[in-house]
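Read through the structure below, which is laid out as structure tokens, and then see the notes.
Spelled out as structure tokens, the structure:
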């Protein structure tokens, strides 16, 4: 695993970000609230604005194979919260601890920046992701019925929270 690294993405890594984000939406469409078409239509300025929040990629050599980000809350009363977004790891890379390392990196960033609570939404049928989040201390605190319409089917989302301090 020595050719694997986790990097925080910035403007210079825009091509890497685009490649892995579009791959995630193409290969795991039911894991995300957005579609590949939604993101393909975005101008570069919008892609770059997404990188104003912390976004990390897993690189195997020079190739991105995973992604995870935080959407930071703003304002005095909510600045202690962040939402985990865009979590993806290429199927061939799963099971080796890379997702754990990626989440650990984001958690370290959060703790170092005054974040005391991580939040996320996950489709109720995504049992592997739910199990992963529970293993990392996330608890279900709610459910959004009919949060998404996927291929004509209503999908509920679970709201999960992890307190960091």
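Numbering (UniProt numbering), first residue to last: 1 to 165.
Backbone N, C-alpha and C define an ideal beta-carbon position, used for all residues, glycine too.
**Q.** Minimum length 3: unbroken beta strand (DSSP E) runs contained in the region 38-115
**A.** 55-60, 63-72 and 81-89
Q | Among 31, 109, 17 and 98, nearest to residue 120 - alpha-carbon criterion | A | 31
Q | Buried/exposed call for residue 43, threshold 16 Cβ in 10 Å | A | exposed
Q: Between the Cα of residue 142 and those of 72, 41, 161 and 52, spot the shortest distance and give me the residue it belongs to.
A: 161
Q. So what does DSSP say about residue 123, is it helix, strand or coil?
A. strand
Q) Going by beta carbon distance, what residues of the same chain come within less than 6 Å of residue 46, once the five residues before and after it are set aside? A) none
Q) Count the other CB atoms within 10 Å of the CB of residue 157; is the residue buried (16 or more) or exposed (fewer)? A) By the Cβ neighbour-count rule, residue 157 is buried, with 16 or more other Cβ atoms within 10 Å of its own.
Q. Looking at C-beta atoms only, is the number of pairs between the region 65-75 and the region 25-40 that lie closer than 8 Å three or more?
A. no
Q: Measure the alpha-carbon distance for residue 9 versus residue 17 and round it to whole angstroms.
A: 7 Å
(Q) So for residue 11, helix, strand or coil by DSSP? (A) Residue 11 carries a helical assignment under DSSP once its states are collapsed to helix, strand and coil.
Q: Name, in chain order, the residues that DSSP records as bridge partners for residue 142.
A: Residue 142 is bridged by DSSP to 159.
Q) Which one of 152, 22, 140 and 109 has the shortest CA to CA distance from residue 53? A) It is 109.
Q. Just checking my contact of residue 127 with residue 56 at CB under 8 Å: how many whole Å lie between their CB atoms?
A. About 24 Å; that fails the 8 Å criterion.
Q. With a Cβ-Cβ cutoff of 8 Å, do residue 84 and residue 115 count as a contact?
A. no
Q | residue 139 versus residue 147: straight-line alpha-carbon distance, rounded | A | 19 Å
**Q.** As assigned by DSSP and simplified to three states, the class of residue 147
**A.** strand
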